[in-house]
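Notes follow once the structure below has been shown.
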Amino acid sequence: MQGIRATIRALDKAITTATKTHPYAPLFATMPRIGKVSLGQIIGEIGPILERAQTCEQLIAEAGVVPVTRASGKARTVSFRFATNRRARLALTTFADNSRHGSDWAAKIYNDAQARKKRHPHAIRILARAWLRVMWACWRNGACYDPAIHQANSKINTTANAPLVA
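First residue of the sequence shown? That's 16 in the numbering used here, and the numbers climb one at a time after it.
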């Protein structure tokens, strides 16, 4: 048992060291309830996608938190995206689920989705999509995530009674 604990401590130390030296760590380290493991997963899975994505929507699609729309003639269906980077989606949805407990903004997005009768996994993907837009803005501007600035911007861009679109 002590050997397992020592291995876990060594891995935690390695993750912490690797994330501290990564250039994206300061951008995302202050996000609510991200933790060292989630930060490492986000940097490892989303970082390469950020570098090759041309737009925020491309980033969201590659991360797998947007549904697939198929259309033919007048028929149109929207379904879950199975063909995606599953590890990136898992890293994002785990972070999003944790963040709703530490951020009023994230809790509001999740609760709005639940009010629109979205099931928990779908509501978490909606929240993950919103967080990806924030990550894209931080990465594009080279600015670290600041909860005060984010809260001020979200109050400006969102009216009090309008639900957020899925």
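By construction, the Cβ of each residue, glycine as well, lies at the ideal position given by its N, Cα and C atoms. If you're wondering where the values come from, they're calculated on a predicted model, not measured in any experiment.
Here the alpha carbon of L107 sits roughly 22 angstroms from the alpha carbon of A130. CA-to-CA, the gap between Q56 and A103 works out to about 8 angstroms. For A86, the enclosing beta strand (DSSP E) stretches over residues V83 to S87. Secondary structure of T109 (DSSP, three-state): helix. A167 sits in a helix when the DSSP states are folded into three classes.
Under the criterion of beta carbons closer than 8 angstroms, I58 and E77 do not qualify as touching, at roughly 16 angstroms. Rounded to whole angstroms, R85 and F97 show a C-alpha spacing of 13 angstroms. In the DSSP assignment, the residues bridged to S94 are V83.
K35 and K28 have their C-alpha atoms some 11 angstroms from each other. CA-CA distance, S94 to G18, rounds to 45 angstroms.
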